[in-house]
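**Student:** Going by this note's numbering, the final residue of the sequence shown carries number 589, and the count climbs one at a time with no gaps.
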Amino acid sequence: MRFIRAFFALLIFPNFAAAASLEDDTQRYIKIFSGEKKLHSDAADTFSWMGLSDTRLFDIVERLLLEDAAAARDNRSERNRVARYIRSLGFSGQAKYEPTINKFLGDPPYERFARAALQDLPDYNKWNPIISNRSSFDPKFSDDVNRVANMLRSDDLLLLCVGAKRVYFDSKEDVLLELLARQLRANYARSDLNDRDRSDCVAWAAKALGSSKNDKYVALLQEVGEKATDRTVVKHAKDALGKYYGVRN
341 MRFIRAFFAL LIFPNFAAAA SLEDDTQRYI KIFSGEKKLH SDAADTFSWM GLSDTRLFDI
401 VERLLLEDAA AARDNRSERN RVARYIRSLG FSGQAKYEPT INKFLGDPPY ERFARAALQD
461 LPDYNKWNPI ISNRSSFDPK FSDDVNRVAN MLRSDDLLLL CVGAKRVYFD SKEDVLLELL
521 ARQLRANYAR SDLNDRDRSD CVAWAAKALG SSKNDKYVAL LQEVGEKATD RTVVKHAKDA
581 LGKYYGVRN
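Spelled out as C-alpha cells, the structure:
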C-alpha cells in the first residue's frame, strides 16, 4: 500500500522527479514542509525513494511531528499525516531522530509506524547516498529513473526490492528493465533465499519484470520458474508469466 500511495504522490508532485542538484531537491521539500500541511502526506510518501537525508529538512518534519502528534489522535486524516512524519524520520537515515521515534513506542495510534521507522533508519543510512548519487546519473533520463537505476545497480537485495517496486508501480523504462533482468538472473538461484526478506525481494524482481509485458523477458521468467529453488520466487515468476503473457504450465 505504501508504494501505491507513493505512486500517486509522484503524479501530484511531478516536479520532485527533476532537479539540478541534491540541494535543489532538499530546498523543494523544505518549501513543502514549511507550507500547507494538506500537502505533507503526499510529499512524505515520496521519501522512500528520494535519497534525502539533510537535517535542515528533517528537523522541520521532527518539529511538526512533536507539535501535532497529541492533537491529531482523534482525527483520522490528521493522525495519518503525523504517522507519515514518523515514517519520514526513518527514511532520513539519520540516527539523531531515533530518540524522537522511540517516544512513540507503546503509543497505540503511532507505535507500528515508529517500529517501521526504526527498522528503516539503518537501511536508509546506507541507501540514501546510493539512491541520490548524481555522479552515476545519465542526463538522458529523468532524476526519478536515475534514482531507481542506482537502486537496481546496488548489491543490496533489500534496496533492489525498493527499486523493483518502483518499476512495478511506475517506471518501465528499458534501462531499468535491463538492470532488473540482470539482477534477477544473478540472484534467483542464490542459496540464502530461505530468508523471507531476501526471497521476497527476488520475487518482486520477477513480478516487476513481468509487469513490463515485454516479450524479451519471457525466456528469463520461464528459466526462473523452472530452475529457482525458492518457492516464493518460483510462484511469482510463474504468476507473472500467466498474468502478463498468458503462459501457463
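Glycine included, C-beta positions come from ideal geometry on N, C-alpha and C.
Determine contact between the region 497–513 and the region 546–559, defined as no fewer than three beta-carbon pairs at a distance below 8 Å.
**Tutor:** Touching, yes, given that three or more Cβ pairs across the two stretches are closer than 8 Å.
**Student:** Is the Cβ-Cβ distance between Val-485 and Leu-524 less than 8 Å?
**Tutor:** No, the Cβ-Cβ distance between Val-485 and Leu-524 is not below 8 Å.
**Student:** Our contact map puts Ser-472 next to Leu-392 with C-beta atoms below 8 Å; I'd like the distance itself, whole angstroms only.
**Tutor:** With 8 Å as the limit, Ser-472 and Leu-392 qualify as a contact, their Cβ atoms being about 7 Å apart.
**Student:** Look up Ala-458 in the DSSP assignment and say whether it is helix, strand or coil.
**Tutor:** The amino acid at residue 458 is misidentified as Ala; the sequence shows Leu. DSSP places Leu-458 in helix when its eight states are reduced to three.
**Student:** For the candidate residues Glu-418, Arg-413 and Tyr-369, whose alpha-carbon lies nearest to that of Val-401?
**Tutor:** When each option's Cα is compared against that of Val-401, the closest is Tyr-369.
**Student:** Note down the Cα distance separating Ile-441 from Asp-555, rounded to an integer number of angstroms.
**Tutor:** Rounded to the nearest angstrom, the two C-alpha atoms are 46 Å apart.
**Student:** Given that a residue counts as buried once 16 or more other Cβ atoms are within 10 Å of its Cβ, and exposed if not, what is Arg-452?
**Tutor:** The residue in question, Arg-452, is exposed, as its Cβ has fewer than 16 Cβ neighbours within 10 Å.
**Student:** Pull up the distance between the alpha-carbon of Gln-434 and that of Ala-577, whole angstroms please.
**Tutor:** Cα-Cα distance, rounded: 36 Å.
**Student:** Taking DSSP as the reference, what is the three-state secondary structure of Arg-571?
**Tutor:** In this structure, Arg-571 counts as helix in the three-state DSSP scheme.
**Student:** So, is the C-beta of Leu-517 closer than 8 Å to a C-beta in chain D?
**Tutor:** The chain labelled as chain D is not found in the depicted structure, where only one protein chain is given.
**Student:** May I ask you to report which of helix, strand or coil DSSP gives Lys-512?
**Tutor:** Looking at Lys-512 - three-state DSSP - the assignment turns out to be coil, as it is neither helix nor strand.
**Student:** Give the C-beta separation of Leu-406 and Phe-373 to the nearest angstrom, bearing in mind that I take them to be a contact with Cβ-Cβ under 8 Å.
**Tutor:** Not really, about 14 Å apart at Cβ, beyond 8 Å.
**Student:** Shortest alpha-carbon distance to Lys-571 belongs to which of Ile-470, Ser-531 and Ser-551?
**Tutor:** In the sequence under discussion, the amino acid at residue 571 is Arg, which differs from the Lys named in the question. Of Ile-470, Ser-531 and Ser-551, the residue nearest in Cα terms is Ser-531.
**Student:** Tell me whether Ala-526 is buried or exposed, calling it buried when 16 or more other Cβ atoms sit within 10 Å of its Cβ.
**Tutor:** Under this definition Ala-526 is an exposed residue.
**Student:** Would a C-beta distance cut-off of 8 Å place Ser-511 and Val-488 closer than the cut-off?
**Tutor:** Yes, these two residues count as a Cβ contact at 8 Å.
**Student:** Figure out for me which residue from Ser-539, Tyr-437, Val-558 and Gly-375 has the closest Cα to the Cα of Ala-521.
**Tutor:** The shortest C-alpha separation from Ala-521 is found at Val-558.
**Student:** How long is the line joining the alpha carbons of Ala-456 and Tyr-584, rounded to whole angstroms?
**Tutor:** Cα to Cα, Ala-456 sits roughly 32 Å from Tyr-584.
**Student:** Out of Val-573, Gln-562, Glu-418 and Ile-426, point me to the one whose CA is closest to Ser-539's CA.
**Tutor:** Nearest C-alpha to Ser-539: Val-573.
**Student:** Enumerate, from N- to C-terminal direction, the unbroken alpha helix (DSSP H) stretches of 4 or more residues contained entirely within the region 361–432.
**Tutor:** For the region 361–432, whole alpha helix (DSSP H) runs of length 4 or above, ordered along the chain, are 362–373, 380–384, 387–390, 395–408 and 416–432.
**Student:** To the nearest angstrom, how far is it from the Cα of Asp-365 to the Cα of Val-564?
**Tutor:** Answer to the nearest angstrom: the Cα atoms are 38 Å apart.
**Student:** Run through DSSP, which three-state label would Pro-439 get?
**Tutor:** Pro-439 falls in the helix class under three-state DSSP.
**Student:** Using the Cβ count rule (16 or more neighbours within 10 Å means buried), how would you classify Arg-417?
**Tutor:** The sequence shown places Ser at residue 417, rather than the Arg named in the question. Burial call: exposed.
**Student:** What is the rounded straight-line gap between the Cα of Trp-467 and the Cα of Met-491?
**Tutor:** Distance between the alpha carbons of Trp-467 and Met-491: 8 Å.
**Student:** Give me the Cβ distance between Phe-431 and Phe-387, rounded to the nearest whole Å; I'm assuming they're in contact under 8 Å.
**Tutor:** The Cβ separation is near 4 Å, so the contact holds.
**Student:** Could you round the C-beta distance between Ile-470 and Leu-498 to whole angstroms and report it? I think they count as a contact, below 8 Å.
**Tutor:** That belief does not hold up - the Cβ atoms of Ile-470 and Leu-498 are roughly 12 Å apart, past 8 Å.
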